[in-house]
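A.B. asks: Take 4 as the starting number for the sequence shown in this note's numbering and just add one per residue. C-beta atoms are modelled at their ideal positions from N, C-alpha and C, and glycine is treated no differently. Small disclaimer: the values here were computed from a predicted structure and weren't measured.
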Amino acid sequence: MDPNDFGYPTKPVAYPHGAPAGYQHPPHGGHAAAHAVPPPPGAAIPVAMPISGPGVAVVPPPASHSDSAGLIREEEPAPAAKCQDMPYAVCFLVHLLAMVIVAGWKGIPVVQEFEMSNSTSTDDHLGLSLLGASSADQNTFFSPGDAVKSLLAAAVVGAVLSALWIFFLIRWARALITCTVWSAIVVNIIAAGLSFWIFRVWFVALPWLLLAALAACFWWSMRRHIPFASANLSIASKAISNACMTVAYAYVSLALQFAWNVVWAFAAVGIAMAVIRGSRDHHHVKGADPARLDAADSPVLGSAVDDDDYAGNGSNVPSSTTGPLFAVAVALVFSFYWGSQVIRNTLHVVTAGTVGTWWATSGRSDPTCGSVRRACTTSFGSIALGSLVIAIVQTIRWLAESARSRARRSGNAAAACCAACAVCIIRYFENILKYFTSYAFCQVALYGNNFWDSGRQAYHLFNRRGWNAVFNDVIIDRTLMMGALVFGAICGVSCAIIGRLFIAKGTDEEQTGVVIITGVLGFVVGVLMCSIVSGVIESAVKTVFVCFADRPEALMATHPSEFAEITSAWYSERRDLMESAGYDRQFSVGPAGYA
């Protein structure tokens with residue numbers, strides 16, 4: 004195996020402004036890693052290219068040469084900053100502007116008309132009636148003010164727990180990963196014991212024992228990858244803790260996603276009603292009440308559109324309307340997916356750019372603002388293009404799901420089976436595409452290249468170290484998911500206690516209802532806030548992996564303790580590569596041990 008498989012060069016790295024102090028080029032024919040003298044800690048290592056534009060130091064973009072891993076290139080001039088994939092950015096902005104205009108021009112009047120035609124008196128206290136509260140005691144059970152207090156308490160507790168979550172990941176990443184793996188084994192064994200104790204039948208406990216055995220096999224197969232995953236997670240958390248504005252931008256992205264949902268919903272209702280009314284006018288169908296359009300009549304609220312849905316259902320919608328409605332539904336679904344993916348991937352690019360700047364510089368200033376600027380300007384076209392590709396696949400999957408629903412309703416078992424297989428295949432391809440593009444977006448953030456070049460760079464990375472990336476992400480994703488659930492439960496219990504002490508009033512039943520409501524709200528808010536932080540850290544982990552593969556020596560100059568941590572962990576996983584490349588002798592690294 005090539006000792007350079009993870010980005011350790013067999014040629015000297017070319018520094019465009021001269022080698023740093025203390026660096027000696029190796030003799031011809033030998034390994035650079037075996038003969039190069041590393042720069043002293045703190046020595047600045049110049050880099051070949053900016054993230055996106057002049058003045059921003061990052062790791063150089065990967066390329067290939069004859070005997071290297073294809074992840075570190077020889078000396079190349081830095082290109083001038085320019086907006087990549089500009090036509091796609093323009094198309095997305097035009098699409099966004101059109102949706103906003105339609106939402107205000109068509110959607111809002113339709114919603115106002117609907118509200119005026121329906122009495123809302125029976126819905127004033129729907130939430131309370133569902134909880135068993137009568138109109139006589141609605142003001143003493145759980146008022147809107149109590150709901151606001153509960154949400155504020157959940158937000159405060161969730162913010163504190165999110166900060167603690169980052170702190171725990173920095174200090175005890177490996178312990179958290181180990182606990183996550185072992186907890187799956189222990190929980191399944193406990194469930195098996197409880198099942199046997201309750202039902203007194205051994206085969207009831209068998210599924211839980213099988214799950215415990217699978218969890219044990221997972222630990223055994225992944226145990227040598229845990230040290231490197233722990234180092235990645237710890238370093239990514241340190242980078243995020245140094246750039247707290249990245250987490251703040253994640254909450255801004257959440258608000259943007261909510262705003263996009265509202266705009267899209269108004270635009271979808273307005274467009275659907277315009278198509279239906281236009282068809283009615285064309286067929287001289289009069290007297291139809293727009294309030295009669297229920298969820299089944301709207302293509303944007305149902306899972307499928309066909310003639311049975313719109314003909315003879317009492318909504319005065321002619322069957323010939325289904326063709327235009329279906330086309331509108333497809334366009335609206337595509338629009339929703341594209342907008343959502345752009346928001347999500349912009350956050351990912353912002354996080355990757357922030358971590359890349361932290362990797363290559365030793366400054367303590369928060370680089371988030373510069374990363375946001377680049378993501379929203381020079382890299383926005385690449386984000387729009389990558390999101391467009393994902394949105395197309397998601398729309399195709401929606402079409403397959405719609406076909407499956409129609410086949411089920413019509414009783415066509417063969418068609419339903421074929422559609423279900425198509426949905427499974429498309430969803431599998433969609434997940435692979437999302438995973439691969441997440442690494443392509445890391446390349447976009449680090450090097451400012453267009454989307455297709457970044458995809459090729461990500462392909463070179465996966466061609467060499469793809470399985471390491473998969474193992475790394477599988478281990479870390481399980482830990483982040485478990486952490487979000489645990490901290491969500493803690494937030495829920497804390498909010499339930501706050502609700503019992505400061506909000507609950509009335510009878511015992513009413514106080515119990517308040518405790519349940521505040522506890523559920525706290526759990527939901529806690530999981531949401533910790534998931535946002537975990538999503539940022541997940542993006543940071545992918546960026547750390549890419550940076551370590553592309554330019555590990557940059558971290559040695561800027562953050563030597565983190566460099567020692569991650570190289571020691573990589574030594575534990577791939578000792579053969581480290582020793583054959585001479586990194587164990589050059590940097591005096593040893594194994595980090597197994598979990």
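1) Decide if the segment 564-575 is in contact with the segment 248-261; the criterion is three or more beta carbon pairs, one per stretch, under 8 Å apart.
2) Which same chain residues, not among the five before or five after residue 440, have their C-beta less than 6 Å away from its C-beta?
3) Just the C-alpha distance for residue 475 and residue 211, rounded to the nearest angstrom, thanks.
4) How would you write the range of the alpha helix (DSSP H) that residue 112 sits in, first residue to last?
5) Is it right to say residue 193 is buried, meaning 16 or more other beta carbons lie within 10 angstroms of its own, or is it exposed?
6) Under three-state DSSP, which class holds residue 502?
7) On the three-state DSSP scale, how would you describe residue 86?
8) Decide if residue 450 is buried, meaning its Cβ has at least 16 other Cβ atoms within 10 Å, or exposed.
9) Anyone know if the C-beta pair for residue 448 and residue 355 falls short of 8 Å?
10) Output the residue ranges of the alpha helix (DSSP H) runs that lie fully inside the segment 524-583 and measure 4 residues or longer, sorted by chain position.
11) Taking 7 Å as the cut-off, is the CB of residue 280 close to at least one heavy atom of the ligand NAP?
12) Please state the DSSP three-state secondary structure of residue 196.
13) Below 8 Å on the Cβ atoms is my contact criterion, and I expect residue 345 with residue 382 to pass it. Report the Cβ-Cβ distance as a whole number of Å.
14) Taking just the CA atoms, how far does residue 464 sit from residue 526?
15) Decide if the segment 184-200 is in contact with the segment 141-160; the criterion is three or more beta carbon pairs, one per stretch, under 8 Å apart.
16) Return the CA-CA distance between residue 256 and residue 546, expressed in angstroms with no decimal places.
17) By a C-beta neighbour count over all protein chains shown, 10 Å radius and 16 as the cutoff for buried, is residue 87 buried or exposed?
18) Using 10 angstroms around the beta-carbon of residue 312, count the other beta-carbons present and answer buried if the total reaches 16, otherwise exposed.
19) Can you list, in chain order, the stretches of the alpha helix (DSSP H) that have 4 or more residues and sit fully within the segment 397-477?
20) Thinking C-beta only, is residue 179 closer than 8 Å to residue 482?
21) Starting from the Cα of residue 501, find the closest Cα among 200, 267, 513, 521 and give me that residue.
22) If contacts are defined as beta-carbon pairs under 8 Å, then residue 164 and residue 494 qualify, I think. What distance do you get, rounded to the angstrom?
23) Which of the three DSSP states, helix, strand or coil, is assigned to residue 160?
24) Give the DSSP-derived three-state secondary structure of residue 295 in the structure shown.
25) Look at the alpha carbon of residue 458 and the alpha carbon of residue 552, and state the distance between them as a whole number of angstroms.
26) State the Cα-Cα distance for the pair residue 214 and residue 207, rounded to the nearest angstrom.
27) From this set, 537, 550, 419, 473, which residue's C-alpha is nearest residue 435's C-alpha?
28) Spell out a yes or no on whether the segment 323-340 and the segment 503-521 are touching, meaning 3 or more CB-CB pairs, one atom from each, closer than 8 Å.
29) According to the neighbour-count rule (16 or more other Cβ atoms, all chains shown, within 10 Å of its Cβ), is residue 230 buried or exposed?
30) Would you mind reading off the limits of the alpha helix (DSSP H) that contains residue 375?
31) Ignore the nearest five residues each way along the sequence and tell me which others in residue 498's own chain have a CB closer than 7 Å to its CB.
32) Between the alpha carbons of residue 429 and residue 340, how many angstroms are there, rounded?
33) Helix, strand or coil for residue 204 per DSSP?
34) Terminal residues of the continuous alpha helix (DSSP H) containing residue 235?
35) Can the beta-carbon of residue 490 be found less than 8 Å from the beta-carbon of residue 538?
C.D. replies: In brief:
1) Because the criterion of three Cβ pairs below 8 Å is not met, the segment 564-575 and the segment 248-261 do not touch.
2) As a first step, residue 440 is located in the sequence shown; it is residue number 437 there, counting from the start. So the qualifying residues of the chain are 389.
3) Walking along the sequence shown from the start, residue 475 turns up at place 472. Walking along the sequence shown from the start, residue 211 turns up at place 208. About 26 Å.
4) The sequence position of residue 112 within the sequence shown is 109, counting from 1. It spans 111-119 - the alpha helix (DSSP H) in which residue 112 sits, taken as one unbroken run.
5) Counting from 1 along the sequence shown, the entry for residue 193 is found at position 190. The residue in question, residue 193, is exposed, as its Cβ has fewer than 16 Cβ neighbours within 10 Å.
6) The residue labelled residue 502 in the question sits at position 499 within the sequence shown. Note: residue 502 maps to helix in three-state DSSP.
7) As a working note, residue 86 is residue 83 in the sequence shown. In this structure, DSSP gives residue 86 a state outside helix and strand, which the three-state scheme calls coil.
8) For this step, residue 450 is matched to residue 447 along the sequence shown. With 16 or more Cβ atoms within 10 Å of its Cβ, residue 450 is classed as buried.
9) Mapped onto the sequence shown, residue 448 falls at position 445. Mapped onto the sequence shown, residue 355 falls at position 352. Result yes, Cβ atoms of residue 448 and residue 355 sit closer than 8 Å.
10) 555-561, 563-576, all fully within the segment 524-583.
11) With respect to the ligand NAP, the structure offers nothing, as it holds no ligand at all.
12) Taking the sequence shown and counting its residues from 1, the one referred to as residue 196 is at position 193. For residue 196, the secondary structure class from DSSP, reduced to helix, strand or coil, is helix.
13) Here residue 345 is taken as the residue at index 342 of the sequence shown, counted from 1. Here residue 382 is taken as the residue at index 379 of the sequence shown, counted from 1. In this structure, residue 345 and residue 382 do not form a Cβ contact; the two beta carbons are roughly 12 Å apart against a cut-off of 8 Å.
14) Counting from one through the sequence shown, the residue named residue 526 turns up at place 523. Counting from one through the sequence shown, the residue named residue 464 turns up at place 461. Between residue 526 and residue 464, the C-alpha separation is close to 39 Å.
15) As far as the Cβ criterion goes, the segment 184-200 does not touch the segment 141-160, which means the pair count is below three.
16) The residue you call residue 256 lines up with position 253 of the sequence shown. The residue you call residue 546 lines up with position 543 of the sequence shown. For residue 256 and residue 546, the gap between their C-alpha atoms comes out near 19 Å.
17) Here residue 87 is taken as the residue at index 84 of the sequence shown, counted from 1. Buried, because 16 or more other Cβ atoms sit within 10 Å of the Cβ of residue 87.
18) What you label residue 312 is simply residue 309 of the sequence shown in a count that begins at 1. In this prediction, residue 312 scores a pLDDT of 45, lower than 50, which makes its location untrustworthy; no coordinate-derived value is stated.
19) DSSP runs (the alpha helix (DSSP H)) wholly in the segment 397-477: 416-450.
20) Position 479 of the sequence shown, counting from 1, holds the residue named residue 482. Position 176 of the sequence shown, counting from 1, holds the residue named residue 179. Yes, these two residues count as a Cβ contact at 8 Å.
21) Against the sequence shown, residue 501 aligns to sequence position 498. That would be 521, whose Cα lies nearest to the Cα of residue 501.
22) As a first step, residue 164 is located in the sequence shown; it is residue number 161 there, counting from the start. As a first step, residue 494 is located in the sequence shown; it is residue number 491 there, counting from the start. Contact flag correct, Cβ pair sits at about 6 Å.
23) As a working note, residue 160 is residue 157 in the sequence shown. Here residue 160 sits in helix by DSSP.
24) The count along the sequence shown starts at 1 and reaches residue 295 at position 292. Any reading at residue 295 needs caution, since the residue's pLDDT is 47, under 50, leaving its predicted position unreliable; the model's value is listed next. Correct three-state label for residue 295: helix.
25) For the purposes of this step, residue 458 is taken as the residue at position 455 of the sequence shown. For the purposes of this step, residue 552 is taken as the residue at position 549 of the sequence shown. Cα to Cα, the separation comes out at about 16 Å.
26) Counted from its first residue, the sequence shown places residue 214 at position 211. Counted from its first residue, the sequence shown places residue 207 at position 204. About 13 Å.
27) For the purposes of this step, residue 435 is taken as residue 432 along the sequence shown, with counting starting at 1. When only C-alpha atoms are compared, the closest one is 473.
28) No, because fewer than three Cβ pairs between the segment 323-340 and the segment 503-521 fall closer than 8 Å, the two stretches do not touch.
29) Start at 1 with the first residue of the sequence shown, and residue 230 comes out as number 227. Around the C-beta of residue 230, 16 or more other C-beta atoms lie within 10 Å, and the residue is accordingly described as buried.
30) Taking the sequence shown and counting its residues from 1, one reaches residue 375 at position 372. Start and end: 371-379.
31) Start at 1 with the first residue of the sequence shown, and residue 498 comes out as number 495. Excluding residues within five positions, the ones whose Cβ falls inside 7 Å are 153, 156, 157, 160, 521, 522, 524, 525.
32) Walking along the sequence shown from the start, residue 429 turns up at place 426. Walking along the sequence shown from the start, residue 340 turns up at place 337. If you take the alpha carbons of residue 429 and residue 340, they lie about 15 Å apart.
33) By one-based count along the sequence shown, residue 204 stands at place 201. In this structure, DSSP gives residue 204 a state outside helix and strand, which the three-state scheme calls coil.
34) Translated into the one-based positions of the sequence shown, residue 235 becomes position 232. Counting along the chain, residue 235 sits inside the alpha helix (DSSP H) bounded by residues 229-244.
35) For this step, residue 490 is matched to residue 487 along the sequence shown. For this step, residue 538 is matched to residue 535 along the sequence shown. Taking 8 Å as the cut-off, the Cβ atoms of residue 490 and residue 538 do not count as close.
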